[in-house]
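Offset between the sequence shown (1-based) and our numbering: plus 4. Positions of the beta carbon are idealized from the N, C-alpha and C atoms, including for glycine. It should be emphasised that the depicted structure is a prediction, and the values quoted were computed from it without experimental measurement.
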Amino acid sequence: MNLVFPSHPVATLPVVGGEARFPVRRIFCVGRNYADHAREMGALDQADGREPPFFFSKPGDAVVSGEGEVPVAYPPMTANLHHEIELVVALGSGGANVPVEAAQSLIFGYAVGLDLTRRDMQARAKEKAHPWDMSKGFDQSAVAGAICPVAASGHPAAGRIWLKVNGDLRQDGDLSAMMWKIPEVIANLSTLVRLEAGDLIYSGTPAGVGPLLRGDALEAGVDGVGTLHARIV
Ligand code: MN
Numbered sequence: 005m006n007l008v009f010p011s012h013p014v015a016t017l018p019v020v021g022g023e024a025r026f027p028v029r030r031i032f033c034v035g036r037n038y039a040d041h042a043r044e045m046g047a048l049d050q051a052d053g054r055e056p057p058f059f060f061s062k063p064g065d066a067v068v069s070g071e072g073e074v075p076v077a078y079p080p081m082t083a084n085l086h087h088e089i090e091l092v093v094a095l096g097s098g099g100a101n102v103p104v105e106a107a108q109s110l111i112f113g114y115a116v117g118l119d120l121t122r123r124d125m126q127a128r129a130k131e132k133a134h135p136w137d138m139s140k141g142f143d144q145s146a147v148a149g150a151i152c153p154v155a156a157s158g159h160p161a162a163g164r165i166w167l168k169v170n171g172d173l174r175q176d177g178d179l180s181a182m183m184w185k186i187p188e189v190i191a192n193l194s195t196l197v198r199l200e201a202g203d204l205i206y207s208g209t210p211a212g213v214g215p216l217l218r219g220d221a222l223e224a225g226v227d228g229v230g231t232l233h234a235r236i237v
């Protein structure tokens, strides 16, 4: 096929214990999946679990990864960049209208990730009922560690999920507090779009989100999955 310019390279993530990398297709994110975070955002109908899950997206090439400490550029047009530590689900196969019982079979592995957010821009968007895209889907907004294959991680449903900024513990939750469990998230999302191999799903953040400054060092982890180091530059 003739292209008017060369096709863009696909974003990839390292895989623990192997040389082959994981090609990223799309990035989906679940909003307010932990009651304590929904409460701190003032979303009380979400916090009591009556609302179905809702989703937003980031471009596939918003993902940023690396060996050791990952440098992450402080984005323009915000004075309130927030961290959100999340368990990332990496799909190895796809499907539409996937039943909850079959959802785990789509999963290639799990990673530790950060859903970086322009909180000031998001607050203005909420006020005006505008889209969240530019508050969530900016360049380098999806930080991700290496993907731990299911063979090594199993399917983590409980365990600590935490984040430190400059050594101070800011977020400290447990995966078991997710209101919508990973298989339910996959099943629900697959009614909205046909999921495909390479898709990433950021599964929500526990309470304790807060601002980041240039120079901040982040250390984050999920039990059984791994740890992630990043620096805001
Ligand atoms: Mn999030």
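Can residue i and residue j be called in contact, C-beta distance under 7 Å?
i, j, result
"Val116", "Gly149", "yes"
"Thr16", "Arg25", "yes"
"Leu179", "Pro153", "no"
"Leu173", "Ala224", "no"
"Ala234", "Val147", "yes"
"Gly96", "Ala201", "yes"
Taking all protein chains shown into account, do 16 or more other C-beta atoms lie within 10 angstroms of the C-beta of residue i, making it buried, or fewer, making it exposed?
i, result
"Ala2", "The requested residue 2 is not part of the displayed model; the chain covers only 5 to 237."
"Leu196", "exposed"
"His41", "buried"
"Val169", "buried"
"Glu73", "exposed"
"Gly21", "exposed"
"Asp203", "buried"
"Gly1", "Shown here, the chain extends from 5 to 237; a query on residue 1 therefore has no answer."
"Ser109", "exposed"
"Ala69", "It is Ser, not Ala, that sits at residue 69 in the sequence shown. That one is buried."
"Ser11", "exposed"
"Pro13", "exposed"
What are the boundary residues of the beta strand (DSSP E) that includes residue i?
i, result
"Ala94", "89-95"
"Leu204", "204-206"
"Arg235", "230-236"
"Asp119", "111-119"
"Leu48", "First-last for Leu48: 48-51, but that is the alpha helix (DSSP H), not the beta strand (DSSP E)."
"Leu167", "164-169"
Enumerate in chain order the residues of its own chain whose CB-to-CB distance from residue i is below 7 Å, with the five nearest sequence positions on each side excluded.
i, result
"Thr82", "Arg122, Asp124, Met125"
"Pro215", "Asn84, Leu85, His86"
"Ala162", "Asp178, Leu179, Ser180"
"Ala156", "Val20, Gly21"
Along the alpha helix (DSSP H) that carries residue i, what are the first and last residues, could you check?
i, result
"Asp124", "123-132"
"Val154", "154-157"
"Glu73", "From DSSP, Glu73 is part of no alpha helix (DSSP H) but of the beta strand (DSSP E) over 73-76."
"Ser139", "137-140"
"Arg174", "Counting along the chain, Arg174 falls outside any alpha helix (DSSP H), though it belongs to the beta strand (DSSP E) covering 172-178."
"Glu44", "39-44"
Spatial neighbours of residue i within its chain, please: C-beta separation below 8 Å, excluding the five flanking residues on both sides.
i, result
"Asp49", "Glu55"
"Arg43", "Ala51, Ala211"
"Val237", "Pro75, Val76, Ala77, Tyr78, Arg218, Gly219"
"Tyr38", "Gly177, Ala181, Met182, Met183, Gly208, Thr209, Pro210, Ala211"
In chain order, what residues of the same chain lie with their CB nearer than 6 Å to the CB of residue i, ignoring the 5 residues before and after it?
i, result
"Ser145", "Lys62, Ala66, Leu120"
"Tyr206", "Cys33, Glu90, Val92, Gly117, Asp119"
"Ala47", "Arg36"
"Gly113", "Ala94, Ile151, Cys152, Pro153, Val154"
Does residue i come within less than 7 Å of chain D when only Cβ atoms are used?
i, result
"Arg25", "Of the protein chains in the structure, only one exists, and it is not chain D."
Whose CB is closer than 5 Å to a heavy atom of the ligand MN? List the residues in chain order. Chain-ordered, the residues whose CB falls short of 5 Å from any heavy atom of the ligand MN come out as Glu88, Asp119, Thr209.
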